[in-house]
Amino acid sequence: MSKQKISREMRVAPKLDFSKTVGPVCRQHALLINPFYAKDPNSSLGKHVLTPTMALISVAANTPGHWTVDY
């Protein structure tokens, strides 16, 4: 069986650019962030799609209607 080579992008989280400026805090706004995890081609059968986890979907669904949510 051949050993698959996993690219660096799938093994290492991207570095954050702390030099970027950010805007003011927005009230009643939720930014949902999908955590990075190292990809395993064996457990995912080589399919890597960017889909939100069920936990993020649950948080978004239970956010009050007058709030804004970004993913």
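Position one of the sequence shown corresponds to residue 60 (my numbering), numbered consecutively onward. Note that CB positions come from ideal geometry on N, CA and C, so glycine has one too.
#1: Could you check the C-alpha separation between K74 and E68 for me, to the nearest Å?
#2: Beta-carbon within less than 8 Å of W126's beta-carbon, same chain only, minus the 5 sequence neighbours each way: which residues are those?
#3: Candidates N93, P83, D129: which alpha carbon is nearest M113's?
#4: Give me, in chain order, the residues of the same chain whose beta-carbon lies closer than 8 Å to that of D76; leave out the 5 immediate sequence neighbours on both sides.
According to the data block:
#1: Reading the sequence shown from its first residue, position 15 is the one you call residue 74. Reading the sequence shown from its first residue, position 9 is the one you call residue 68. If you take the alpha carbons of K74 and E68, they lie about 11 Å apart.
#2: As a position in the sequence shown, residue 126 is number 67, starting the count at 1. Cβ neighbours of W126 beyond the five flanking positions: Q87, H88, A89.
#3: Along the sequence shown, one-based indexing puts residue 113 at 54. It is N93 whose Cα lies nearest to the Cα of M113.
#4: Counted from its first residue, the sequence shown places residue 76 at position 17. None.
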